[in-house]
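Undergrad: Numbering (the working numbering), first residue to last: 2 to 117.
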């Protein structure tokens, strides 16, 4: 009689973003941001943001500081911005003080890359 192997349990340390699920740290982002295309909250939708230029998401009223920042939302820029948003874009409307934990920032960035 053939036995079927039991699949290994998911590692609790496996990045949730790889499966398309939001990491726990993203809960802070959801307070102001949607992940649905075109559905803005206090902040712009984060759907499709990865790889775009700052202040260019349609139908959202960005601050002049964000519109003229000239940033491209890649891994390095998002990492710096999520850590210290007010330093990276002084005058931005984003009130969030920043996320000091590099692992949490990387999990959020990996998740944002899946939002296409």
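Just so you know, even glycine gets a beta-carbon here, dropped at the ideal spot from N, CA and C.
Treat the numbers as computed from the prediction; the structure is a model and nothing was measured.
Rounded to the nearest angstrom, what separates residue 37 and residue 85 at their Cα positions?
TA: One-based indexing of the chain shown puts residue 37 at position 36. One-based indexing of the chain shown puts residue 85 at position 84. Whole-angstrom Cα-Cα distance: 25 Å.
Undergrad: Rounded to whole angstroms, what's the CA-CA distance from residue 93 to residue 61? Just pull it up for me.
TA: For the purposes of this step, residue 93 is taken as the residue at position 92 of the chain shown. For the purposes of this step, residue 61 is taken as the residue at position 60 of the chain shown. Using only the alpha carbons, I get a separation of about 13 Å.
Undergrad: Please report the straight-line C-alpha distance between residue 89 and residue 99, rounded to a whole angstrom.
TA: Numbered from 1 along the chain shown, position 88 holds the residue referred to as residue 89. Numbered from 1 along the chain shown, position 98 holds the residue referred to as residue 99. Near 11 Å, if we compare the C-alpha coordinates of residue 99 and residue 89.
Undergrad: Are residue 77 and residue 26 touching if we call contact CB-CB under 8 Å?
TA: Taking the chain shown and counting its residues from 1, one reaches residue 77 at position 76. Taking the chain shown and counting its residues from 1, one reaches residue 26 at position 25. Going by C-beta atoms, residue 77 is not nearer than 8 Å to residue 26.
Undergrad: Quick one: is residue 117 near chain D, going by C-beta distance under 8 Å?
TA: In the structure shown, chain D cannot be found, because there is only a single protein chain.
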